[in-house]
Amino acid sequence: MVRTKNVGAGCAHRFFDDSEEEARARKRSTSRAAEIEEEEEEESEEEDEGDEEEEGEEEEEEAFEGFSLEARKKKKKEVQRVSTPFGMRMVRSLPTKDSRHVAVNYKTMPSNEYVQLRQSLVFHGRAQRTAFDRWFWKIEHQDIYESICLHPWSNMCSPHKYMDVQFIVNNEMKLGQGVGEIIDAKGLRDIMQFHQDWNEEAILQFYATCFFATDKARTVHWMTGGERLSCTFVKFAQLLGLDGTQGYSIHSHAAKGLGMPPKALAPLYPPGHAHKAIGISTAMIPKYAFLFKCLTLTLVPKSGDYISVRNFAIDLMLEMTILDRKLNVADFIFHEMCLASYSQGRSLPYGPFIQAMIDAFFQPSIQMDCPHKGWCPRFDTKKKAPMPEVAPLSRPVVPPLTRFEKFMAKAQRSIFHMCKFNAQEVVTNNKLVYARTKMYKDHLHALGDTQVSDDEAPPTPAVPVLPEFTFPEASYEDYFVESPAPSDAEDDDASDE
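Numbering-wise, the sequence shown is residues 427 to 923 according to my numbering.
Written as structure tokens, this is what we have:
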């Protein structure tokens, strides 16, 4: 029951009965208790997340620093759209830009300056954040990503495939005898059979931000999904199932950090092979040619030219000839990753190996958009029928020239040279006439003679004396040898006719 009481000028104040007021107070207290319990549960969950979430929020706030409130909301919505129930979906997109910064095209920078830049981009520890996009730490990172990593090639990452080594060993007689022995002796079986799908955007972000430190642990630092991550060389080797502490290191023994020249591959070719084919894998001894094809799909992936042997692939192929020592495969991959980050134009290799390292340190799962496919060598089980032999083409037999034909050929040659000389002399005389005419008119103008016309007749030049050309008759007497006198029998036959 509600009662009203007039207070002041026309105002009404509401009063409630005691029973109604108590019921309403109990309702408010129960709802408030439920809200308090919910708040306590949320606070406990936030405390359980730990310092990692707090650091992530601080980095996120730093990433949004300098943007307006609307821009922050829009950016956060974009980040939330990337996360899906099936994992983080990372796709290629241009970095966030700001009018205060002019993007730098690092693809046109000299290579030595670009290497020095990459070696100086330290962003771990307390390095200050300068990037406008939350996926990068330094402003140079997002410019490198845009100008080098997002090049217009259709396949930015090198193609990788895994293979069944045991199948190759079982079919050595058809593929190349001795290939399985080399693979096992150099310790390549595990890396050739390594299988891992990868995300192309994660690999591009790795190469745009990676920094290979020179510390004792050989730590590599990079960013994935806006987080700073790092991994030591020993941990990287363990993730691939390799031993990074033993084996021969190709890059460490390279002279001045450069690979060997292509001419060093001569022992891998058949004896007496043409020198111009050195450096082409298809011309090698069959087992080395097939082995190089396997390596281009696993250890030295290439995009485009699959038969040329270049850079440290030359040292790798020479190492395949030494069977009494193992190869430090993890060290080779680690060095090649570093060299790829210093390059400005090559496709980016080792997607499966880098993705395995990212998955070990990046907590949210990532959707893989590049499947790691297998490769099986093909060979023909049926012998092809031999090609039918074709008889060589016979060239027409040309009879030798007669004495008269030789004489006419030399006569025509003499006539040609005479006509050529006359034509040259005519051109020379015309030039001489023009020059003397101009000189004569200039001389008359200098004397003050104004009656000189343009068609004034110049002095007649001397007629050049032509050399003597002897007719071939004078020097080729053998062509005019008198024929012998006819016999009496020939005269009788002629008279009868």
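Cβ coordinates follow ideal geometry from the N, Cα and C atoms, glycine included.
- Residue state for V646 is assigned as strand, using DSSP reduced to three classes.
- Residue pairing by DSSP puts R654 in a beta bridge opposite M649.
- Counting C-beta pairs with one atom in each stretch, the stretch 591 to 606 and the stretch 551 to 565 have fewer than three that are closer than 8 Å, which means they do not touch.
- Between R736 and I748, the alpha-carbon positions lie close to 19 Å from each other.
- Annotation: the stretch 686 to 733 contains no complete segment of the beta strand (DSSP E) (minimum length 3 residues).
- Counting every other CB atom within 10 Å of its CB across the protein chains shown gives L870 a total below 16, marking it as exposed.
- Beta bridge pairing from DSSP links K799 with K587.
- Nearest neighbour of R615 by Cα position, chosen from F593, Q631 and Y633, turns out to be F593.
- Within the DSSP secondary-structure output, W624 pairs in a beta bridge with C796.
- Linking G670 to C720 through their CA atoms gives a straight-line distance of about 22 Å.
- Secondary structure of Y571 (DSSP, three-state): helix.
- Between Q781 and A628, the gap from beta carbon to beta carbon is short of 9 Å.
- Contact check for K752 and K612: beta-carbon distance about 6 Å, within the 8 Å limit, so the pair qualifies.
- D868 sits exposed, since fewer than 16 C-beta atoms from the chains shown fall within 10 Å of its C-beta.
- K836 and V824 have their C-alpha atoms roughly 20 Å apart.
- In this structure, the alpha-carbon of T534 lies about 11 Å from that of I570.
- The Cβ atoms of P797 and D590 do not sit closer than 9 Å to each other.
- In the structure shown, the three-state DSSP call for F632 is helix.
- Rounded to the nearest whole angstrom, the CA to CA distance from E626 to M746 is 31 Å.
- In its chain, beyond the 5 residues on either side, Y588 and H798 have a beta carbon closer than 6 Å to the beta carbon of H621.
- Residue environment: D757 is assigned as buried (16 or more neighbouring CB atoms within 10 Å of its CB, all protein chains considered).
- L543 carries a helical assignment under DSSP once its states are collapsed to helix, strand and coil.
- Within the same chain, G685, M686, P688, A690 and L691 come within 7 Å of I740 by CB-CB distance, once the 5 residues on both sides are set aside.
- Relative to S707, the option among K523, G551 and L744 whose CA is nearest is L744.
- When DSSP reads this structure, F637 sits in a beta bridge with H647.
- With respect to I759, F738 sits apart: the two C-beta atoms are not nearer than 9 Å.
- For F787, the enclosing alpha helix (DSSP H) stretches over residues G777 to F787.
- A direct Cα-Cα distance of roughly 30 Å separates D750 from G800.
- DSSP places Q838 inside the alpha helix (DSSP H), whose first and last residues are R829 to A872.
- In the same chain as F716, and ignoring 5 residues on each side of it, the C-beta atoms closer than 8 Å to its own belong to L601, G602, V605 and P803, in chain order.
- Take T722, set aside five residues on each side of it, and the residues of its chain with a beta-carbon closer than 7 Å to its own are K728 and Y732, in chain order.
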